[in-house]
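**Q** Before anything else, here's the structure in question.
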Amino acid sequence: MGLSYTTQKSVVIRSWRLGALYYGLVAVVLAYVGFFLVYVERGYQRTSRAVGNIGLKVKGQATLRDATTGATLVYDANDLVMYEPSGFFIATALATTLQARGRCPGMDEDETCEDASACVVGTFSPSGRMTGQCVATALKDEDGKVVKRCEVEGWCPGEPEKDEVTVLENVGNFTVFTRISVEFPGIPDEDGEGNMLWTNLNGTKPTLGWNLWTINDLLESGGMSVKEVARKGWDGRVDVEFDCNLDRGIDACAPKTPYTLKQVMHPNTLSEGFNIRWISGQNVGEPSAQAGVVYSNETANGPGKDVRLLVKGYGPRIRFEVTGVGRKFDWLTLSTTVGAGVAFLGIASLVVNAVMMYCSGPKSKQYESWLFAEFHDTPYGSTEEAT
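Residue 186 in full-length UniProt numbering sits at position 186 of the sequence shown; the count goes up by one each step and never skips.
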């Protein structure tokens, strides 16, 4: 065969059927490009992912009622709220253990013993450092036999195996004030000195449903209630979603409200709910005498009990995350979209050629001879060979 060169051949076929098919396909392609790609999909706008940060401030008052005495203590956000980047934890129920340094039976099942041989002096266990003694506890097993545990040095008494939780009242009415700043990288502002920036920091007053939310509002948006999560806790996330047409200006941009709280924790996770521990130094007092517990009377500052109140709080953990995009007209984006769409016009020619060659019955051979021709170029002249 040797080397050969193929060039395009322009053939005009006077056929209203083929012409109608071709221009019909062209019309469909142009409608797809102009209406769908450019208009519906906003192919004339450059997009930029929203990037921002959220500042939070939680306020409110709650009470804790003593089930035995009926007395109540008032707690505020400083007692119950722990902040993290773009999020917070708020306690809806508390379990407390008043502790002092000393020696006491371990509280973990792994510290169970029959005699002192199971308690190696100086070994660290979940409750403290073992003293080498195996001591009786106030617990009994299924047969009514007193349970023995390895004695440890540490904070005594240890946390009970089962928390005695007390639910706080009025936590659902705590308010969450959000301060949001969001920019759209790659989309310049009106002065061309930086990226488009949206913020509600400047002179924004707290407004319920806009930048102010109650704990009840946030939990209800996720199909939950304070009562449901109070004793076990819950882990969730709020997506602050932006979908901004920046051709209308930054003032027309705003997050979608109301927010929706989504569960982060998988239902099959090992640890159910959510809780946090912390140390409280308020109204600590001294722990009461307990069987098997010996308190130390020496502290780092001299004689006296070194005391702390260990608080375990259950409640919702709520984080906020900025999502979404900003869009603005861009000539390069428009030309790229149109250029890619125009390339689809070649589909019309491919379809018509396929119809001519494979779906035209007896005329298929004739159409093929019109479309393709082969020439042999020799020193004696050129000859044509129909294909």
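Quick reminder that beta carbons are idealized off the backbone N, C-alpha and C, glycines included.
Would you mind working out which of 89, 144, 151 and 137 sits nearest residue 116, comparing C-alpha positions?
**A** Walking along the sequence shown from the start, residue 116 turns up at place 116. Considering only alpha carbons, the answer is 151.
**Q** Quick one: Cα of residue 389 to Cα of residue 371, how far?
**A** Any answer about residue 389 is impossible in this case: the structure gives the chain only from 1 up to 387.
**Q** Judging by CA-CA distance, which residue of 126, 243 and 210 is the nearest neighbour of residue 156?
**A** Taking the sequence shown and counting its residues from 1, one reaches residue 156 at position 156. Comparing Cα-Cα distances from residue 156 to each of 126, 243 and 210, the minimum goes to 126.
**Q** Beta carbon of residue 50, beta carbon of residue 226: below 9 Å?
**A** In the sequence shown, counting from the first residue as 1, residue 50 sits at position 50. In the sequence shown, counting from the first residue as 1, residue 226 sits at position 226. Not in contact: residue 50 and residue 226 (Cβ atoms no closer than 9 Å).
**Q** Where do the ends of the alpha helix (DSSP H) carrying residue 358 lie?
**A** Taking the first residue of the sequence shown as 1, we reach residue 358 at position 358. 346-358 is the extent of the alpha helix (DSSP H) around residue 358.
**Q** With three or more beta-carbon pairs closer than 8 Å as the criterion, would you say the region 230-249 touches the region 317-334?
**A** yes
**Q** Our contact map puts residue 180 next to residue 255 with C-beta atoms below 8 Å; I'd like the distance itself, whole angstroms only.
**A** Reading the sequence shown from its first residue, position 180 is the one you call residue 180. Reading the sequence shown from its first residue, position 255 is the one you call residue 255. The Cβ separation is near 7 Å, so the contact holds.
**Q** For residue 336, does the count of other Cβ atoms within 10 angstroms reach 16, so buried, or fall short, so exposed?
**A** Counted from its first residue, the sequence shown places residue 336 at position 336. Exposure of residue 336 is indicated by the presence of fewer than 16 other C-beta atoms within 10 angstroms of its C-beta.
**Q** Checking 9 Å against the spacing of the C-beta atoms, do residue 129 and residue 306 come in under that value?
**A** As a first step, residue 129 is located in the sequence shown; it is residue number 129 there, counting from the start. As a first step, residue 306 is located in the sequence shown; it is residue number 306 there, counting from the start. It is not a contact, given that the beta carbons lie outside the stated cut-off.
**Q** DSSP on residue 12, reduced to helix/strand/coil?
**A** Taking the first residue of the sequence shown as position 1, residue 12 is located at position 12. In this structure, DSSP gives residue 12 a state outside helix and strand, which the three-state scheme calls coil.
**Q** Count the other C-beta atoms from every protein chain shown that fall within 10 angstroms of the C-beta of residue 275, then say buried if there are 16 or more, exposed otherwise.
**A** The count along the sequence shown starts at 1 and reaches residue 275 at position 275. When all chains shown are included, residue 275 counts as buried.
**Q** With DSSP as the reference, please indicate the residues paired to residue 55 in a beta bridge.
**A** Stepping through the sequence shown from its first residue, residue 55 is reached at position 55. According to DSSP, residue 55 bridges with 179.
**Q** Per DSSP, which one or two residues make a beta bridge with residue 125?
**A** Start at 1 with the first residue of the sequence shown, and residue 125 comes out as number 125. None, per the DSSP bridge assignment.
**Q** Just checking, does the region 348-358 make contact with the region 12-32 on the three C-beta pairs under 8 Å criterion?
**A** These segments touch.
**Q** Using the Cα positions of residue 162 and residue 144, report the straight-line distance between them to the nearest angstrom.
**A** Taking the sequence shown and counting its residues from 1, the one referred to as residue 162 is at position 162. Taking the sequence shown and counting its residues from 1, the one referred to as residue 144 is at position 144. Distance between the alpha carbons of residue 162 and residue 144: 19 Å.
**Q** Work out the CA separation of residue 174 and residue 309 for me, nearest whole Å.
**A** Walking along the sequence shown from the start, residue 309 turns up at place 309. Walking along the sequence shown from the start, residue 174 turns up at place 174. The alpha-carbon atoms of residue 309 and residue 174 are separated by roughly 25 Å.
**Q** Which residue spans inside the region 240-269 form an unbroken alpha helix (DSSP H) run of at least 4?
**A** none
**Q** Can you look up residue 337 in the DSSP assignment and give me helix, strand or coil?
**A** Within the sequence shown, numbered from 1, the residue matching residue 337 stands at position 337. Residue 337 falls in the helix class under three-state DSSP.
**Q** Could you check where the beta strand (DSSP E) with residue 151 kicks off and where it finishes?
**A** For the purposes of this step, residue 151 is taken as the residue at position 151 of the sequence shown. Per DSSP, residue 151 belongs to the beta strand (DSSP E) from 146-156.
**Q** For residue 170, report the span of its alpha helix (DSSP H) as first-last.
**A** The residue given as residue 170 occupies position 170 in the sequence shown. Element bounds for residue 170: n/a, residue is neither H nor E.
**Q** Rounded to a whole number of angstroms, what is the C-alpha to C-alpha distance between residue 350 and residue 32?
**A** Within the sequence shown, the letter at position 350 stands for residue 350. Within the sequence shown, the letter at position 32 stands for residue 32. Going by the C-alpha atoms only, they are around 18 Å apart.
**Q** List the whole-angstrom C-beta distance separating residue 212 from residue 177, where the pair is believed to meet the contact cut-off of C-beta under 8 Å.
**A** Taking the first residue of the sequence shown as position 1, residue 212 is located at position 212. Taking the first residue of the sequence shown as position 1, residue 177 is located at position 177. Right, their Cβ atoms sit about 5 Å apart.
**Q** Out of 154, 210, 53 and 98, which one is the CA nearest neighbour of residue 311?
**A** Looking up residue 311 in the sequence shown gives position 311. The residue with the shortest Cα to Cα distance from residue 311 is 98.
**Q** Quick check on the DSSP output: the alpha helix (DSSP H) that includes residue 476 runs from which residue to which?
**A** The chain is shown only over 1 to 387; residue 476 falls outside these bounds and no answer can be derived.
**Q** Rounded to a whole number of angstroms, what is the C-alpha to C-alpha distance between residue 10 and residue 3?
**A** Translated into the one-based positions of the sequence shown, residue 10 becomes position 10. Translated into the one-based positions of the sequence shown, residue 3 becomes position 3. Each residue's alpha carbon lies about 23 Å from the other.
**Q** For residue 210, which residues of its own chain have a beta-carbon under 7 Å away from its beta-carbon, when the five flanking residues on both sides are left out?
**A** Position 210 of the sequence shown, counted from the start, is the residue given in the question as residue 210. Around residue 210: 257.
**Q** Would you identify the three-state DSSP class for residue 217, choosing helix, strand or coil?
**A** Locating residue 217 in the sequence shown gives position 217, counting from the first residue. Helix, per DSSP.
**Q** Whole angstroms are fine: how far does the CA of residue 42 sit from the CA of residue 241?
**A** Taking the sequence shown and counting its residues from 1, one reaches residue 241 at position 241. Taking the sequence shown and counting its residues from 1, one reaches residue 42 at position 42. Going from the Cα of residue 241 to the Cα of residue 42 covers about 19 Å.
**Q** With 16 as the cutoff for other CB atoms within 10 Å, does residue 263 come out buried or exposed?
**A** Locating residue 263 in the sequence shown gives position 263, where the first residue counts as 1. Residue 263 is exposed by the Cβ-count criterion.
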